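Structure record follows, encoded as structure tokens.
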Amino acid sequence: MAELRALTFVPVDLESLATAEGRIAVFITPDLKLSAGARRLNRLTKGALARATGSEAWDKLGEGKAMSLNWPAGLQAQAVDLVKLPRRPAPDLARKAGAALALSAGSSAVTVLVEGTGRPEEIALGLALRGYGFDDHKTKKGDPFGTATLMCTKPDEAEAAAAPRLAVAEGVHFTRNLVNEPANILTTTEFAKRLEGLRDLGVEVEVLEEKALAKLGMRALLCVGQGSESPSKVVIMRWKGGAKGDAPLALIGKGVVFDTGGISLKPAAGMEDMTMDMGGAGVVAGVMHAVAKRKAKANVVGLVGLVENMPSGSAVRPGDVVTSMKGDTIEVVNTDAEGRLVLCDVMWHAQETEKPAAMIDLATLTGACIIALGHENAAVYSNDDSFAGTFLKAAETEREGAWRMPLGQAYDDMLKSPVADMKNIGGRPAGSITAAQFLKRFVKDDMPWIHLDIAGVAHVKSDQELSPKGATGWGVRALDRLISDRFEAKD
Ligand code: BES
Ligand code: MN
Ligand code: ZN
Numbered sequence: 010m011a012e013l014r015a016l017t018f019v020p021v022d023l024e025s026l027a028t029a030e031g032r033i034a035v036f037i038t039p040d041l042k043l044s045a046g047a048r049r050l051n052r053l054t055k056g057a058l059a060r061a062t063g064s065e066a067w068d069k070l071g072e073g074k075a076m077s078l079n080w081p082a083g084l085q086a087q088a089v090d091l092v093k094l095p096r097r098p099a100p101d102l103a104r105k106a107g108a109a110l111a112l113s114a115g116s117s118a119v120t121v122l123v124e125g126t127g128r129p130e131e132i133a134l135g136l137a138l139r140g141y142g143f144d145d146h147k148t149k150k151g152d153p154f155g156t157a158t159l160m161c162t163k164p165d166e167a168e169a170a171a172a173p174r175l176a177v178a179e180g181v182h183f184t185r186n187l188v189n190e191p192a193n194i195l196t197t198t199e200f201a202k203r204l205e206g207l208r209d210l211g212v213e214v215e216v217l218e219e220k221a222l223a224k225l226g227m228r229a230l231l232c233v234g235q236g237s238e239s240p241s242k243v244v245i246m247r248w249k250g251g252a253k254g255d256a257p258l259a260l261i262g263k264g265v266v267f268d269t270g271g272i273s274l275k276p277a278a279g280m281e282d283m284t285m286d287m288g289g290a291g292v293v294a295g296v297m298h299a300v301a302k303r304k305a306k307a308n309v310v311g312l313v314g315l316v317e318n319m320p321s322g323s324a325v326r327p328g329d330v331v332t333s334m335k336g337d338t339i340e341v342v343n344t345d346a347e348g349r350l351v352l353c354d355v356m357w358h359a360q361e362t363e364k365p366a367a368m369i370d371l372a373t374l375t376g377a378c379i380i381a382l383g384h385e386n387a388a389v390y391s392n393d394d395s396f397a398g399t400f401l402k403a404a405e406t407e408r409e410g411a412w413r414m415p416l417g418q419a420y421d422d423m424l425k426s427p428v429a430d431m432k433n434i435g436g437r438p439a440g441s442i443t444a445a446q447f448l449k450r451f452v453k454d455d456m457p458w459i460h461l462d463i464a465g466v467a468h469v470k471s472d473q474e475l476s477p478k479g480a481t482g483w484g485v486r487a488l489d490r491l492i493s494d495r496f497e498a499k500d
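For reference, each letter of the sequence shown is one residue, going 10 to 500 in our numbering.
This is the structure:
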């Protein structure tokens, strides 16, 4: 599994530059005022830095991007990476620069002359996030990422600021590793096993098996998994870093380890992508990892519904009516609208047993969400403007795309069933909204709630600024920030 690149923070040592091995990276401000480190490198290379930054290519280089000088005379290093960055970069620009360093460094060790550049913690985060690859199932592994040594004017301060950010990066990697895993490896049982590993970080982990779920009355969740050989499970993860008795934030995730559609079978083309249909549960797991690793002073409980949606002789049929844990009956018109059946029971259970202060659910819920927002934004639904506003602000700060969508009675009306309290689909129009409206029926009055449809952002087909193609880990950073902004005691 892809490990985080090893990062160390050390004092600036200009003497060591002449003999440093691997690569050296240095930040150059747009006004070309060279830092002490850059001046030293320029002297050692007999003006190579000045020549490079005087070129037309440098003028055209975007901020946060790198230009490389290979095998520069006068140094032992194989390359000097010049990164265009102001001395006081905005956090997102600092992350971008870190990501550029991760790409140019690859498997080489890199000495980064951070010196007095601002936001070293975001530079470190960018380095850690973009340094990711998933080659567990290749017989020929890529070379591991090289180490990064960050030379800082105040290394202790930089290291302290970076620690919580690197904890979040670890959470993002945890999410990506789960989401990238194929479904024959990441079965419901294996998923639960990996979540039990969070105990090492001090998270309390409880696994509810099918028998317990049946006793609780989770017939909606259970009907989704009943066609599969893999047993359905609900895993509850509790991080108790806050004051005793403080109501927790509950995070609920859709964990469909593979979605064939069931008897309402999906078309063959692209079905292999449905290994990522546990993306919501993956994000919940990543956030639990992050808050535990950075020892957040907050109470957070994560609940994931782990099931596999398969067609078989025992599978749920279109037209079947099931009773949810809440007691409401559901006509399963389309077995491919399974995520909401899983979530509604886990959400109800979360409210009954954990008595949360607020609740956020995440799911790769609808293809309609991708039609509406593409791969740029997750759909955000909420019954609470202030709560939604705090989340949107956190997502904006982290540059994780999120866009508020409407709810309303007319959409709810589309779920009327002739035989049961509701049906599980609302028809073609507004598919992401009617799915949210279905979930809203399982939110108690006065419970602040956000639903995130992450179908478009959990997994993408092209490289992103902070992640290679495949699983992105979208949402781990925004949710971690929401927790520190709204649920964490400040000392
Ligand atoms: N897991 C899918 C949604 C999905 C599609 C996620 C593409 C990621 C990429 C979900 O379970 C599903 O099948 N939804 C149906 C709902 C429909 C039957 C009302 C859909 O979107 O087509
Ligand atoms: Mn489906
Ligand atoms: Zn699904």
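By construction, the Cβ of each residue, glycine as well, lies at the ideal position given by its N, Cα and C atoms. Quick caveat: nothing in here was measured; it's all calculated off a predicted structure.
Thr-158 has its alpha-carbon roughly 31 Å from the corresponding atom of Glu-190. One thing to note: Lys-306 has its Cβ no nearer than 8 Å to the Cβ of Gly-254. The beta carbons of Leu-58 and Leu-91 sit about 7 Å from each other, so the pair counts as a contact at 8 Å. Per the Cβ contact rule, the stretch 454-465 is in contact with the stretch 374-394 (3 or more Cβ pairs under 8 Å). Ranked by Cα distance from Ala-27, the first of Pro-39, Arg-437, Arg-52 is Arg-52. Measuring C-alpha to C-alpha distances from Thr-198 to each of Trp-458, Ser-237, Leu-416, Met-334 identifies Ser-237 as the nearest.
Between the ligand MN and the CB of Asn-433, the shortest heavy atom gap is not smaller than 7 Å. DSSP, reduced to helix, strand and coil, places Val-212 outside both helices and strands of the structure shown, so it counts as coil. As the crow flies, the alpha-carbon of Lys-425 is around 5 Å from that of Met-431.
The residue from Gly-295, Gly-155, Ala-444, Gly-206 with its alpha-carbon nearest to that of Gly-435 is Ala-444. CA-to-CA, the gap between Gly-291 and Gln-360 works out to about 21 Å. When beta bridges are read from the DSSP output, Cys-161 appears opposite Pro-20, Glu-124. The DSSP-derived three-state label of Val-181 is helix. By the 16-neighbour rule on beta-carbons within 10 angstroms, Asp-22 is exposed. Taking the CA atoms as reference points, Val-428 sits about 34 Å from Ala-278.
Take Trp-80, set aside five residues on each side of it, and the residues of its chain with a beta-carbon closer than 8 Å to its own are Gln-87, Ala-88, in chain order. Spanning the alpha carbons of Asp-282 and Arg-437 requires a straight line of approximately 22 Å. Look at Gly-262 here: in three-state DSSP terms it is strand.
According to the DSSP assignment, Trp-80 belongs to no beta strand (DSSP E), since it is labelled neither H nor E. In terms of side-chain proximity, the C-beta atom of Asp-286 is found nearer than 7 Å to a non-hydrogen atom of the ligand ZN. Met-287 sits in coil when the DSSP states are folded into three classes, being neither helix nor strand.
For Val-316, the closest of Leu-488, Met-287, Arg-48, Ala-403 by C-alpha to C-alpha distance is Met-287. Within the same chain, Cβ atoms closer than 8 Å to the Cβ of Arg-49 are found at Leu-23, Leu-26, the five residues on either side in sequence being excluded.
In this structure, the C-beta of Glu-347 approaches the ligand MN to less than 7 Å from one of its heavy atoms.
Looking only at Gly-270, Val-469, Leu-94, the smallest Cα-Cα distance to Gly-71 is reached by Leu-94. If you look at Asn-51, you'll find it in the alpha helix (DSSP H) that goes 45-53. Ranked by Cα distance from Leu-187, the options Glu-497, His-468, Ile-492 are led by His-468. For secondary structure counted as the beta strand (DSSP E) over 3 or more consecutive residues, the stretch 297-347 holds these complete runs in sequence order: 308-318, 329-332, 338-341. Ser-323 has its alpha-carbon roughly 36 Å from the corresponding atom of Asp-454.
Distance from the CA of Arg-495 to the CA of Gly-398, rounded to the nearest whole angstrom, comes to 11 Å. DSSP places Lys-93 in the uninterrupted beta strand (DSSP E) bounded by 88-93.
Pairwise C-beta distances place the stretch 348-356 out of contact with the stretch 379-393, as fewer than three of them are shorter than 8 Å.
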